[in-house]
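**Student:**
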Amino acid sequence: MPDVTPLVNVALVLLIVFIVVMPMIQEGIRVDTPEAAHLTQIVEEGQDYVVISYQADGSIYLNMRQVPLERLREELAAEYQGKEEQPIVIKASRSRPYSDILQVVEICQNVGASTVELMAKRKDEGD
Amino acid sequence: MSARRLTGSQFESSLNVTPLADVSLSLLLGFMVITPIIFQTLSATLPQGSGAGSGQIKQDPIVQYTADRRILLDGKEVTREELQSKLREYFPPGFEGKRKVMFSGAGELLYDDIIVFLDELRAYGVETIGIR
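For the protein sequence lines, the chains are A and B, in the order given.
Per our numbering: the first sequence ends with 128, consecutive numbering throughout.
Per our numbering: the second sequence ends with 145, consecutive numbering throughout.
Structure below.
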């Protein structure tokens, strides 16, 4: 009978790594989003949403790839092709001026999005 | 437990870990497949086409949030309390599903201030927020 102990070791280590790393993968690009109490939850189950992250230092990421603002429209149009029914998720830093976010929203509108989802952290009602 | 015959009456025993391997690999696969990604968001709709040309959009109340943090409802300045009561007038009972406002915020404000304000609109019963 083959010795399966190393296989078990590897599988269990993978399992633990996956459990630990999964929240980080879910979070994607780290952004200090604003807080809000009346949020809705959208669940990504195979839809592969397009996420635009706008960090406090002004860097923009399309999913996990950094993109300069000048190229965002072009890159977003390519990424969003075939997903026109889906909303675009905007994950922007709370410390950016709203004009910056409006620019991104306008680009989303130009590529055909009818809805944007503005990501926020859930704030407890008591806060 | 399994035992392997060596020589004579000597036996070497080892734990059968195959079921454990099965379970852990299945768990691993299960985790990888079913873990959904959850976004917590405020939804905002975007006017399509020629925008203001649509009759529906014209009927929606327009809420503006100015750089000096004044609130304008259809061009008239209101306080937060007035905004809540006026929105209640706009959306009487039975309007569920149609409580939509168009929102315009000053670019000078921080995104944080805008989200706090949009959150208040949601608290006042607004279901759909359009950004213009």
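Cβ coordinates follow ideal geometry from the N, Cα and C atoms, glycine included.
Going by DSSP, what residue range makes up the beta strand (DSSP E) through B/K89?
**Tutor:** 89 to 91
**Student:** Do you know offhand how far A/P3's Cα is from B/T31's?
**Tutor:** 10 Å
**Student:** Between the alpha carbons of B/Q53 and A/A38, how many angstroms are there, rounded?
**Tutor:** 10 Å
**Student:** Relative to chain A, which residues along the region 48 to 59 of chain B have a C-beta separation below 7 Å, given in chain order?
**Tutor:** T48, P49, I50, I51, F52, Q53, T54, L55, S56, A57, T58, L59
**Student:** Under 8 Å Cβ to Cβ from A/Q104, same chain only, skipping five residues before and after it: list those, please.
**Tutor:** L70
**Student:** Can you look up B/V139 in the DSSP assignment and give me helix, strand or coil?
**Tutor:** coil
**Student:** If you check the beta carbons only, do A/V90 and B/L59 fall under 8 Å apart?
**Tutor:** no
**Student:** Between the alpha carbons of A/Q56 and A/L63, how many angstroms are there, rounded?
**Tutor:** 12 Å
**Student:** Can you name the residues that DSSP bridges to A/E118?
**Tutor:** A/V90, B/S56
**Student:** Where does B/K113 sit, in a helix, a strand or coil, going by DSSP?
**Tutor:** strand
**Student:** What does the alpha-carbon distance come out to for the pair A/R95 and A/K122?
**Tutor:** A/R95 and A/K122 have their alpha carbons spaced roughly 10 Å apart.
**Student:** From what residue to what residue does the alpha helix (DSSP H) around B/I47 run?
**Tutor:** Unbroken alpha helix (DSSP H) run through B/I47: 31 to 47.
**Student:** Are B/L33 and A/L15 close, meaning C-beta to C-beta below 8 Å?
**Tutor:** no
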